[in-house]
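All the letters of the sequence shown, read from the start, carry residue numbers 2 to 161 under our numbering.
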Amino acid sequence: MAASNLVHVAYTTAEAREQILEDVAVAVDHLALAAACLGEAYEHLHGASADRLEENLYRPVQGAYGRTRRTYVQFAERVGLPAETFEPASAGVGSQGVRLFIDRAVSASADAGRALAELQDSMLPIEAGDPELRTALAEIREVVDGVPGRAREFMRVLGR
Numbered sequence: 002m003a004a005s006n007l008v009h010v011a012y013t014t015a016e017a018r019e020q021i022l023e024d025v026a027v028a029v030d031h032l033a034l035a036a037a038c039l040g041e042a043y044e045h046l047h048g049a050s051a052d053r054l055e056e057n058l059y060r061p062v063q064g065a066y067g068r069t070r071r072t073y074v075q076f077a078e079r080v081g082l083p084a085e086t087f088e089p090a091s092a093g094v095g096s097q098g099v100r101l102f103i104d105r106a107v108s109a110s111a112d113a114g115r116a117l118a119e120l121q122d123s124m125l126p127i128e129a130g131d132p133e134l135r136t137a138l139a140e141i142r143e144v145v146d147g148v149p150g151r152a153r154e155f156m157r158v159l160g161r
């Protein structure tokens with residue numbers, strides 16, 4: 002009887018790890034869209050506004066995107082599961098304007114934050130993850146959760 006319990010636990014752990022990877026992949030996709038939108042917004046700006054967007058929004062989101070991808074790949078390697086490859090996201094038509102691109106980036110970042118929060122709240126990272134995963138998720142969320150405030154500040158001074 003004990004042997005069947007061990008098999009069941011191992012299967013449950015494997016399933017939980019697959020779910021962790023699926024949830025992190027959702028966040029990767031949202032952050033890819035956010036980074037693409039901010040990149041497109043940057044292309045429509047010039048001078049100081051472009052520099053502020055890059056420093057205050059693009060770099061943090063791009064960093065969170067890269068960190069989330071690395072977290073995904075490294076966790077998959079540590080637990081012996083195959084890692085998905087991610088395609089670049091499209092920001093959409095360039096004529097949408099800076100404000101719309103920034104709004105879309107904020108929305109996509111918020112979606113990524115929600116996906117990570119739900120994953121953390123599920124307790125899967127504690128039950129089937131590892132310390133590296135938990136640390137990375139917390140650090141990524143800290144960056145992502147700051148995006149709306151940085152975007153509001155950027156939009157407040159845009160064009161001044």
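Note that beta-carbon positions come from the ideal geometry of N, C-alpha and C, so glycine has one too.
The region 35-44 touching the region 121-129, judged by at least three CB pairs closer than 8 Å:
no
Does VAL62 come within less than 8 Å of chain C when only Cβ atoms are used?
This model lacks chain C altogether; it includes just one protein chain.
In this structure, how does DSSP classify ASP30 when only helix, strand and coil are distinguished?
helix
Close Cβ partners of ALA35 (< 6 Å) along its chain, the five nearest in sequence each way excluded:
VAL62, ALA106, ALA109, SER110
Would you check if there are 3 or more beta carbon pairs closer than 8 Å linking the region 47-63 to the region 79-90?
no
Simplified DSSP assignment, three categories, for ALA92:
coil
Assuming the contact rule is C-beta atoms closer than 8 Å, HIS31 and ALA116 should be a hit. Round their C-beta distance to whole Å, please.
7 Å
Could you check the C-alpha separation between ILE103 and VAL148 for me, to the nearest Å?
10 Å
Span separating the alpha-carbon of ASP131 from that of VAL158:
42 Å
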